[in-house]
Amino acid sequence: MMDRSCPGVVEPILELLDGKWMLLLLFELFNGTQRFGELRRKLQPISPKTLTDRLRLLEEKGIVTRTLYPGVPLHVEYELTESGKGLQPIFEAMWTWTQEYGASLRKEAEEAVE
1 MMDRSCPGVV
11 EPILELLDGK
21 WMLLLLFELF
31 NGTQRFGELR
41 RKLQPISPKT
51 LTDRLRLLEE
61 KGIVTRTLYP
71 GVPLHVEYEL
81 TESGKGLQPI
91 FEAMWTWTQE
101 YGASLRKEAE
111 EAVE
């Protein structure tokens with residue numbers, strides 16, 4: 001059971017998931033090592049600056065590692081660290097919840113607009 005006496009305990013994960021594109025970016029990284037260009041194509045219309053900023057934040061937080069491969073052409077790959085991979089059960093739970101309740105939430109939102 002969760003201890004609700006200290007709400008600050010969840011702040012690190014909330015800060016991490018707060019930014020636009022962050023959830024989708026992490027979902028893509030759960031599929032394995034990705035190059036910058038691959039991520040950009042999969043997350044269209046994300047801008048290169050936004051993608052760079054999100055990846056840097058994930059790297060600073062120890063969620064993602066960035067590996068630079070010298071040569072021509074130079075390329076960079078991103079992959080989840082063990083800490084990042086530890087987020088997968090959270091995302092799986094969110095996916096399960098969305099499958100169960102997402103349609104009714106969308107329906108309620110549409111009805112509220114009408």
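Be aware that the sequence shown starts at 1, since it is given in UniProt numbering, and climbs by one per residue. For each residue, glycine too, the CB sits at the ideal point set by N, CA and C. Computed from a prediction, not measured in an experiment: that's the story for all the values here.
* Tell me T67's beta-bridge partners as DSSP assigns them. => E77
* **Rounded straight-line distance, which links the Cα of L25 to that of N31** => 10 Å
* Asked: From M94, R40, T67, pick the residue whose C-alpha is nearest to that of L17; which is it?
  -> M94
* Asked: Quick one: what does DSSP say Q99 is sitting in, helix, strand or coil?
  -> helix
* **Delimiting residues of the alpha helix (DSSP H) encompassing I46** => That residue, I46, is in no alpha helix (DSSP H); it is neither H nor E in DSSP.
* Counted within 10 angstroms of its Cβ, other Cβ atoms place L29 as buried (16 or more) or exposed -> buried
* Just the C-alpha distance for G37 and S83, rounded to the nearest angstrom, thanks. => 24 Å
* **K85: first and last residue of the uninterrupted alpha helix (DSSP H) it sits in** => 82-85
* To do: Answer with buried or exposed for L105, where buried requires no fewer than 16 other C-beta atoms within 10 angstroms of its C-beta.
  => exposed
* Asked: Is the beta carbon of V64 sitting closer than 8 Å to the one on L80?
  -> yes
* In whole angstroms, what is the alpha-carbon distance linking L58 and E92? -> 19 Å
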